[in-house]
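Notes follow once the structure below has been shown.
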Amino acid sequence: MGKKVLGLVASPRRMGNCEMLLKEIMLAGEDWEKEIIYLHELEIKPCKACYRCLPSGALCPEKDDFNYLLDKIAQSDGIILAAPCYFLGPNAILKNIMDRFISVGNEADRFKGKPCFTVTTYGVEGWQGFSREFTNLFARFLHLDLKDSFLIKSSYPGECFTDEKLLQALREAGRNLFKPGYISQPPSLACPVCWNPYLSLQAEGVVWCPVCGSRGKIDLKEGNIFLEFTDAGEHRFTPEAMGHHFGEVLPATMETFLARRQEVKELQKKYRQFNWDVEKPAQK
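Heads up: the sequence shown begins at 2 in my numbering, then just goes up one per residue.
Take a look at the structure:
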């Protein structure tokens, strides 16, 4: 048996574009051991920001399928994630899961370096928003090795399957998933670290990537715009930066709260007396 590849479908629609495109890529790995998880079929509760997961090695205390999902990713050799665009971003199941990544922020070695592809589908040109960039964050937070990222227009199930060039590109990508040195190149005017094209222009020609925190300079030569990221190796997705944030910054914040807990309780008393809660009507 060959490499073990895990497909993650972040669409509630069975046999929609995400599932079919993911399977098209997986078909390229004839000797792969293939598994697919449909994220909407898992029970993933929202993060409560309790911070009980912050100590290295601690698990999220919620009793649901989150730790099972992490175990399946850790046990796989490669990951393919497919998500649809819903109102300018990917389906909400991804945000719900990624909010829980606080529990693995300082454990880079568990997932680091596993090759990954993402596929993001959208229906209307100009309405894809930041769906691909957000989908890619799934890979960045887990320190996966994002090899390629596909943004595919397909308004209804099967529409994009008339594009044979696209299908060939997907199959070729699948054959290259475990190929050493294979990686897609970001657009020329995108962040070279996380491939985010939505950059913030700041004073003195500085360009800042709000996704990974990389900084660079913008230059204009002969009517053309050029970007130079001089500190591309310094960003929030390095194991060191993630370890600092989740292993030092957040625990320090928690310690500050614990030291002021009685003071906070007194503050809360003022607002606890106002009960303007709306009661949900009983189900008919």
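Glycine residues also receive a C-beta, built at the ideal position from the N, C-alpha and C atoms. All values reported here derive from a predicted model rather than from experimental measurement.
The beta carbons of D149 and S185 sit closer together than 8 Å. The beta-carbon distance between I38 and L9, rounded to whole angstroms, is 6 Å. This is short enough to meet the 8 Å contact definition. Here L82 is near A11, since their CB atoms are less than 8 Å apart.
DSSP places R101 outside any alpha helix (DSSP H), giving it a letter other than H or E. Looking only at S104, G106, W128, C210, the smallest Cα-Cα distance to P85 is reached by W128. Inside the segment 169 to 229, DSSP marks whole beta strand (DSSP E) runs of 3 or more residues at positions 207 to 209, 216 to 222, 225 to 229, from first to last along the chain.
By the criterion of a C-beta distance shorter than 6 Å, L152 is surrounded in its chain by T121, R133, once the five residues flanking it on both sides are discounted.
D146 sits in a strand when the DSSP states are folded into three classes. When the Cα atoms are used, L95 and E223 turn out to be separated by approximately 42 Å. Pairing G90 with F135 gives a Cβ-Cβ distance under 8 Å. Approximately 7 Å separates the beta-carbon atoms of K115 and S77; this is inside 8 Å, confirming the contact.
Per the coordinates, the alpha-carbon of P181 lies some 46 Å from the alpha-carbon of F258. The segment 192 to 208 makes contact with the segment 235 to 253, as at least three CB pairs between them are under 8 Å.
Annotation for L228: L190, V208, G217, I219 place their beta carbon closer than 7 Å to its own, counting only its chain and skipping 5 residues before and after. For the 8 Å CB-CB criterion, D100 and P187 do not form a contact. Taking all protein chains in view, the Cβ of V6 is crowded by 16 or more other Cβ atoms within 10 Å, so the residue is classified as buried. Taken in chain order, the unbroken stretches of beta strand (DSSP E) that lie wholly in the segment 51 to 134 and span 3 residues or more are 79 to 87, 116 to 123.
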